[in-house]
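Protein chains in written order, with the working numbering: chain A, 1 to 297; chain B, 1001 to 1399.
Remarks on the structure that follows.
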Amino acid sequence: MDRRGFLKSTLIASTAALAGSEAQADETQIPEEMVGVLVDTTRCIGCRACEVACGEQNGLLVPDVLNDGALESHRDTSDKQFMVVNKYETDKGNVFVKKQCMHCYQAGCAAACPTEAMHKNSQGPVTWDGDKCIGCRYCMISCPFDIPKFEYGEWNPKIVKCTLCFDRLEAGKKPACVEACPTDTLMFGSMVKNLEVARHRIYSHPDKYVHQIYGEHEAGGTAYIYLSAVPFDQLGFRTDLGRTPYPEYTREFLYAVPAVLFSVPAFLLGLNALTGNGKSDNEGDRDFDYSDDGEEQ
Amino acid sequence: MNSNTAVAGGSGNTFQFLLQELKPRGPWLTPFNVISIPIILAGLVILVIRFIYGLGSVTNLSQEFPWGLWLGFDVVTGVALAGGAYVITFVVYVLRVEKYYPIVRVTVLNGLLAYMFYGGALLFELGRPWHAANPFIGNSFGFSSVLFLICWHFMIYMVAAFVEFSPVIAEWLHWEKTRKFLKSLTLGAVILGVTLSMLHQSGLGAFFLMAKPKVHPLWWSDFLPILFFVSSIYAGLAMIIFEGTISHRVFKDLIGPEHHHSFEDIMLGLAKGAAITMFVYYVFKALLFIHGKQWSLINDGWGYWYLLEVIGFVLVPAFMFAFGFRNRSLNTIRIASVLALLGIILNRLNVSIITFKWYETVHYYPTWQEIVVTLMVIFSEIWFFRWVVTRMPVLNARH
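Laid out in structure tokens, this is it:
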């Protein structure tokens, strides 16, 4: 949008000096050490071993995969489950899709959080810190994928979402879901390398895959990326999210804050001086007192 | 005259004076009391349940709709309606337009109370309010968060508004030297308050910038912050007219006769200001609509709903304000102010709740408990307002 660009450049120019320290790093260069997961939906058989592993790893609901009939409906993640697998009936047969936090490269939830309870770690996972969280749920509003969930039935509620098994990563292990996958649907590794592998698979099998990697550009790029044989809108993905990283939307506004905070008071003081009648304010004790009956002495 | 002549002597008697002032005055069984007391009590009970069993026990909030009436009305709408304080203090103290002096105190009081009660309503809407001090202390500053900005601005603005109002309190307590000192702080507080208001009124619009895929495109815009700021100006003016009309009747004994003359002039001036701001706002809305090529969105239910808001509750009251100003018709202005206020409520609720996830088949609507708690907030604010104006020199400098 041209006007937005204009506004942006004006604001950035006018506040560059003040907001310089706040400016974010280059968005295009993803650091090598950032990790993510490549999900190749053409390989998934819907066994839901990942769901079970996730529940066990994180002390959450462990689904009874054989008997619960959960694939009959399209489920969302919840305050009981970090991730779910859904079945989509497409013209190329049933496709199973794992759904969890995408761990955006520039996370809207983390930018929204007033206390940095939601935090994008340098290795890639977006994690939540209960000691900082005030429970405002602004992360839920700002997440383009509607991932953070809230415990509405608790007196001391938590924000619940996938951590990319941050603790396991620290210990040098893979996320539990990746380790449990029997079909190599899930591939854990460097975001940059995962993208290369995904591109390679499309080039090698141009008829098998749609020529799009979901998550390469969506919402500015995500650590979870997906390959598919059918267009992504048939698999419950939102394809209207745009390529802009979500923190960009408020960054322009926040850039303007220091400019307003310093220029407006100066302007108002000047205005006040100009409209004065030459006397200093203290002289007349400018009290806007309307009664004519004087002071009670 | 005041009943507390004994106080003038010194601060030693201030405590007794305060005790005296805390006692209720006037008849108890008024219609307002009969309605508001049970609602306030019911609201308190609901809040107890909410803090034991969680937000889900009394609200319809869900994973799909994390924000409901408490945030959309109490905070987002309530703060817009409190915009009158920064507009009027700007006009009176910065531009020195003496005509509006008589309404400065009551408007600042209204603004201060609105922030205290509506901002305070955030505390039971937060999931973990015992951490509410976190944005202010420790090393957990979310500099990239609009909410962080708003938290700070609410706090500082409340201090600024309190400083603006404090000479009235000193006058009530007959602390003459303190009053003079506090008075000297007013201009600084006003300038700080106006600046902060510009930022957090627009900040409430910036709240929803990251919800781009979730708010209906007729309501979402890159310019939400500017739209929220401009509309807060006329929201504040309309609120002063509406609230002034009521207190003029209810508290007419407290208002000196000289104020009755200026009252009409003030109302006409406010109406003119509101009309101009509303036309500007309307043109801005129309430009965004045309520039965004949104004609395709207008021919369904949401489109008609949008037209109702923008024409029925912005353009129509704008014309009514202009007409009322030209013809010196206070009744037209009063009706216009009601329509304008409804338009603000509609707009804020549309952005924050009503069109939020318009594509979902099951939509959020508030429970009766959420409505009762909202009414509790409004009624307790009115109670506090009434307590202040019947004791402190707010509507009249001396009574």
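Each residue gets a CB set at the ideal place from its N, CA and C atoms; glycine is no exception.
For this session: With a cut-off of 8 Å on the beta carbons, I'd call B:Y1100 and B:V1092 a contact; round off their distance for me.
Result: 5 Å between Cβ atoms; contact.
Problem set entry | DSSP-derived helix/strand/coil call for A:N94 | Shown here, A:N94 sits in a strand according to DSSP, grouped into three states.
Exercise. Can you list, in chain order, the residues of its chain whose CB lies under 6 Å from that of B:V1310, leaving out five sequence neighbours each side?
Worked result: Contacts found: K1285.
Exercise. With B:M1158 and B:L1112 assumed to form a contact (beta carbons below 8 Å), what rounded beta-carbon distance in angstroms separates them?
Worked result: Correct: roughly 7 Å between the Cβ atoms.
For this session: May I ask you to list, following chain order, the residues of the stretch 1191–1222 of chain B that have a beta carbon less than 8 Å from some beta carbon of chain A?
Result: Only I1191, L1192, V1194, T1195, M1198, L1199, S1202, G1203, A1206, F1207, F1208, L1209, M1210, A1211, K1212, P1213, K1214, D1222 from the stretch 1191–1222 of chain B bring a Cβ to less than 8 Å from some Cβ of chain A.
For this session: Give the single residue among B:T1374, B:M1267, B:M1278, B:G1188 whose Cα lies nearest to the Cα of B:F1229.
Result: When each option's Cα is compared against that of B:F1229, the closest is B:M1278.
For this session: Determine the direct distance from the alpha carbon of A:L235 to that of A:K80, and round the result to whole angstroms.
Result: Roughly 23 Å between the two C-alpha positions.
Exercise. What did DSSP end up calling A:L38 once you bin it into helix, strand or coil?
Worked result: The DSSP-derived three-state label of A:L38 is strand.
Exercise. Is DSSP giving B:T1186 helix, strand or coil here?
Worked result: Helix at B:T1186.
Problem set entry | Same chain only: Cβ atoms within 6 Å of B:M1392, ignoring 5 sequence neighbours per side | If we look at B:M1392 and ignore the five residues flanking it on each side, its Cβ neighbours are V1168, W1172.
Exercise. Between the beta-carbon of A:Q106 and the beta-carbon of A:G220, is there less than 8 Å?
Worked result: Contact: yes.
Problem set entry | Closer than 8 Å to chain B by CB, A:K149 | By this cut-off, A:K149 is an interface position.
For this session: Could you pull out every residue in the same chain whose Cβ sits closer than 6 Å to the Cβ of B:F1320, ignoring the five residues on either side in sequence?
Result: Position check: residue 1320 of chain B holds Met in this sequence, whereas Phe was assumed. Around B:M1320, the same chain offers T1332, A1336 as residues with beta carbons nearer than 6 Å, after the five sequence neighbours per side are excluded.
For this session: Under 7 Å Cβ to Cβ from B:V1280, same chain only, skipping five residues before and after it: list those, please.
Result: Excluding its 5 nearest sequence neighbours in each direction, B:V1280 has C-beta neighbours in its own chain below 7 Å: V1230, listed in chain order.
Exercise. Is there contact between the stretch 33–41 of chain A and the stretch 186–194 of chain A, where contact requires at least three CB pairs shorter than 8 Å?
Worked result: Cβ pair count under 8 Å is three or more, so yes.
Problem set entry | Under 8 Å between C-beta atoms of A:T41 and A:V95 | Against a cut-off of 8 Å, the Cβ pair of A:V95 and A:T41 comes out as a contact.
Exercise. When the distance is taken between beta carbons, is B:I1049 closer than 8 Å to B:F1379?
Worked result: Going by C-beta atoms, B:F1379 is not nearer than 8 Å to B:I1049.
Exercise. Among the residues of its own chain, which have a CB less than 7 Å from the CB of B:F1162, if the five just before and after it don't count?
Worked result: L1112, listed in sequence order.
Problem set entry | Test: B:V1394 CB closer than 8 Å to a CB of chain A | No, B:V1394 does not count as interfacial toward chain A.
Exercise. What span of residues does the alpha helix (DSSP H) with A:F126 cover, start to end?
Worked result: A quick correction: the sequence has Val, not Phe, at residue 126 of chain A. Counting along the chain, A:V126 falls outside any alpha helix (DSSP H), though it belongs to the beta strand (DSSP E) covering 126–128.
Problem set entry | Residue span of the alpha helix (DSSP H) that contains B:F1319, given as start and end | Its alpha helix (DSSP H) spans residues 1316–1326.
For this session: Establish whether the CB of A:W128 and some CB of chain B are separated by less than 8 Å.
Result: Put simply, the CB of A:W128 is far from chain B, with every gap to its CB atoms at 8 Å or more.
For this session: Determine the burial state of B:V1373: buried for a count of at least 16 other Cβ atoms within 10 Å of its Cβ, exposed for fewer.
Result: Burial state of B:V1373 is buried, judged by a 10 Å Cβ sphere holding 16 or more other Cβ atoms.
Exercise. From the beta carbon of A:S73, is the nearest beta carbon of chain B less than 8 Å away?
Worked result: Contacts with chain B at 8 Å (Cβ-Cβ) do not include A:S73.
Problem set entry | Cut-off 8 Å between Cβ atoms - residues of its own chain near B:L1061, not counting five sequence neighbours on either side | Closer than 8 Å at Cβ, skipping near neighbours: L1055, W1067, G1068, Y1364.
Exercise. What separation, rounded to the nearest whole angstrom, lies between the Cα atoms of A:K149 and B:V1283?
Worked result: Note on geometry: alpha-carbon atoms of A:K149 and B:V1283 lie some 40 Å from one another.
Exercise. So what's A:E22 in DSSP terms, helix, strand or just coil?
Worked result: At A:E22, the pLDDT of 42 sits below 50, so the modelled position is not reliable; the number obtained from the coordinates is stated separately. A:E22: helix per DSSP, three-state reduction.
For this session: Pull out every residue of the stretch 52–78 of chain A whose Cβ sits closer than 9 Å to any Cβ of chain B, in chain order.
Result: Here the close residues are D76, T77, S78.
Exercise. Whose CA, out of A:H200, A:I45, A:M191, lies closest to the CA of A:S122?
Worked result: Answer by Cα proximity: A:M191.
Exercise. Helix or strand or just coil, what does DSSP make of A:M187?
Worked result: Reduced to three states, the DSSP call for A:M187 is strand.
Exercise. By Cβ distance, which residues of its chain are closer than 7 Å to A:N58, with the 5 residues on each side in sequence left out?
Worked result: Apart from the 5 residues on each side of it in sequence, A:N58 sits with its Cβ closer than 7 Å to the Cβ of F82 in its chain, given in chain order.
For this session: Could you work out which residue in A:A266, A:L227, A:T222, A:A111 is closest to B:M1210 when comparing CA atoms only?
Result: Of A:A266, A:L227, A:T222, A:A111, the residue nearest in Cα terms is A:A111.
Problem set entry | Contacting residues, own chain, Cβ-Cβ under 7 Å from B:V1394 (five flanking each side not counted) | R1105, V1106, L1109, V1168, V1388.
Problem set entry | Beta carbon proximity, B:A1161 to chain A, threshold 8 Å | Not one chain A Cβ lies under 8 Å of B:A1161.
For this session: Whole angstroms is fine: what's the gap from B:I1226's alpha carbon to A:V260's?
Result: Approximately 13 Å between the Cα atoms of the pair.
Exercise. Does any C-beta atom of chain A lie closer than 8 Å to the C-beta of B:S1166?
Worked result: Chain A has no Cβ within less than 8 Å of the Cβ of B:S1166.
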